[in-house]
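K.L.:
Here you go, one structure.
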Amino acid sequence: MLAKYYRAFKEDLDQRGIIFSFSGYLSEGILYSLGEALRQKMTLEETDIGTVKKVFSVFIEQSQNIIRYSAEKLASDSGGPIELSSGMVTIGSENNRFFIVCGNVVLANDEPRLRERLERLQGMDKDQIKAYYKEQLREAPEEASRGATIGLIEIARRASDPIEFDFERIDPDSFFFCMKVSI
Amino acid sequence: MVSESLKIAGTERSPEIEFDFERGFLRFRGESYPEDASAVFGPVFVALDRFLAEAGGREIQAEFDLAYFNSSSAKALMNIFLRLDSAAAAGTPVSVRWLHAPDDDTMREFGEDFGEDLDHVVFTLVAADPAG
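See the structure below:
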């Protein structure tokens, strides 16, 4: 039963073209290791350097967004610097393109602003996104954003199509947020 | 007399940073995607401000040899370029070399973008294979 269950689970992932998927508490150390594995895999498969760089960049920005903004966090009781954020990052390929998906819980209060930022980016073409990036590079970070805007613009810049995203309500205070980028 | 120098070893996620006050030479090398970019680049801002205050308009040569950086590092780099450009506007000769691998379009484009924003710094893009 055990092998049957997990074989089905793995086959489901394989059929979806998933190279790897991480779900759980994400730290900067895990991010580094996953990023290295991703680059090695793509390099071994002789993916061109431009694509490797784009996929890696989107992976890093998405993962660091989870680490910074996930509403599902585990903090040490002492209130010290140890804090872990939960979320998922999935990388795969379909139709000869790579895709990177992230998912995490966000507070209902943060949903409108995140939605507005992403919709704004969806409505821009490549030149507008580049100009917006250059403009935001000179701006001081927005209060409490810790740099989210520039990270999202970087993701939009590397994406081959507009970013796809969705929110599903969990309860009155939170949503599950999900973003998919194709390269 | 300016004699102190800044030297920060690179890590897996942060660049090697060297600022030789004697030569007025500032260099960043490696990759930069630390959790907290301000912790990595903060000492550079402090050193740069001190150099500019004490060096009396002596020349600065800066070299950026970065293979990858994340968006919060890009903000820190912009901040360094703005400081260098205003120093250059005030009379300090500043030259910047931006190195990128010949086939790395992303890093070349970043270099072009930074270069376009600088009015007083002498900015050079250099396509070179990464140093060992």
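Residue numbers (the numbering used here), protein chains in the order written: chain B, 405 to 587; chain Y, 134 to 265.
A virtual CB, placed ideally from N, CA and C, is assigned to each residue, including glycine.
A quick note: this is a predicted structure, and the numbers were derived from the prediction, not measured.
Could you tell me the distance, in whole angstroms, from the CA atom of residue 230 of chain Y to the CA atom of residue 257 of chain Y?
P.N.:
Taking the first residue of the second sequence as position 1, residue 230 of chain Y is located at position 97. Taking the first residue of the second sequence as position 1, residue 257 of chain Y is located at position 124. Those two C-alpha atoms are separated by around 5 Å.
K.L.:
With three or more beta-carbon pairs closer than 8 Å as the criterion, would you say the segment 552 to 571 of chain B touches the segment 506 to 522 of chain B?
P.N.:
Because the criterion of three Cβ pairs below 8 Å is met, the segment 552 to 571 of chain B and the segment 506 to 522 of chain B touch.
K.L.:
So is residue 162 of chain Y in contact with chain B if we call contact Cβ pairs under 9 Å?
P.N.:
Mapped onto the second sequence, residue 162 of chain Y falls at position 29. So no, residue 162 of chain Y is outside the interface.
K.L.:
If the cut is a Cβ gap below 7 Å, which residues of chain B does residue 204 of chain Y touch?
P.N.:
For the purposes of this step, residue 204 of chain Y is taken as residue 71 along the second sequence, with counting starting at 1. Going along chain B in sequence order, the residues near residue 204 of chain Y (Cβ under 7 Å) are 465, 551, 554, 555 and 558.
K.L.:
Enumerate in chain order the residues of its own chain whose CB-to-CB distance from residue 426 of chain B is below 8 Å, with the five nearest sequence positions on each side excluded.
P.N.:
Numbered from 1 along the first sequence, position 22 holds the residue referred to as residue 426 of chain B. Correct list, in chain order: 434, 438, 492, 493 and 494.
K.L.:
Looking only at DSSP bridge pairs, what is residue 253 of chain Y linked to?
P.N.:
Counted from its first residue, the second sequence places residue 253 of chain Y at position 120. Residue 253 of chain Y pairs with nothing; no bridge assigned.
K.L.:
Distance check for residue 259 of chain Y and residue 74 of chain Y, CA to CA, integer angstroms please.
P.N.:
Because chain Y in this structure spans residues 134 to 265, residue 74 of chain Y falls outside the shown range and cannot be described.
K.L.:
If we define contact as Cβ-Cβ less than 9 Å, is residue 408 of chain B a contact residue for chain Y?
P.N.:
As a position in the first sequence, residue 408 of chain B is number 4, starting the count at 1. False, the Cβ-Cβ gap to chain Y never drops below 9 Å.
K.L.:
I believe residue 526 of chain B touches residue 567 of chain B by the beta-carbon criterion, under 8 Å. Please report the beta-carbon distance rounded to the nearest angstrom.
P.N.:
If you number the first sequence from 1, residue 526 of chain B lands on position 122. If you number the first sequence from 1, residue 567 of chain B lands on position 163. Yes, residue 526 of chain B and residue 567 of chain B are in contact; Cβ-Cβ is about 6 Å, under 8 Å.
K.L.:
Which residues, in order along the segment 136 to 161 of chain Y, keep a beta-carbon less than 7 Å from a beta-carbon of chain B?
P.N.:
Those would be 145 and 146, in chain order.
K.L.:
Just verifying my parser: in three-state terms, what is the DSSP assignment at residue 539 of chain B?
P.N.:
Taking the first sequence and counting its residues from 1, the one referred to as residue 539 of chain B is at position 135. Note: residue 539 of chain B maps to helix in three-state DSSP.
K.L.:
Is residue 232 of chain Y near the ligand HEM - that is, is its Cβ less than 8 Å away from at least one heavy atom of it?
P.N.:
This structure lacks the ligand HEM; in fact it carries no ligand of any kind.
K.L.:
Count the other C-beta atoms from every protein chain shown that fall within 10 angstroms of the C-beta of residue 551 of chain B, then say buried if there are 16 or more, exposed otherwise.
P.N.:
By 1-based counting over the first sequence, the position of residue 551 of chain B is 147. The predicted model places residue 551 of chain B with a pLDDT of 48, which falls under 50 and marks its position as unreliable; any figure quoted below should be read in that light. Classification for residue 551 of chain B: buried.
K.L.:
Helix, strand or coil for residue 500 of chain B? Go by DSSP, reduced to three states.
P.N.:
Stepping through the first sequence from its first residue, residue 500 of chain B is reached at position 96. In the structure shown, residue 500 of chain B sits in coil (DSSP, three-state: anything other than H, G, I, E or B).
K.L.:
Just checking: is the beta-carbon of residue 541 of chain B within a distance shorter than 9 Å of some beta-carbon in chain Y?
P.N.:
Taking the first sequence and counting its residues from 1, the one referred to as residue 541 of chain B is at position 137. Yes - at least one Cβ of chain Y is within 9 Å of the one on residue 541 of chain B.
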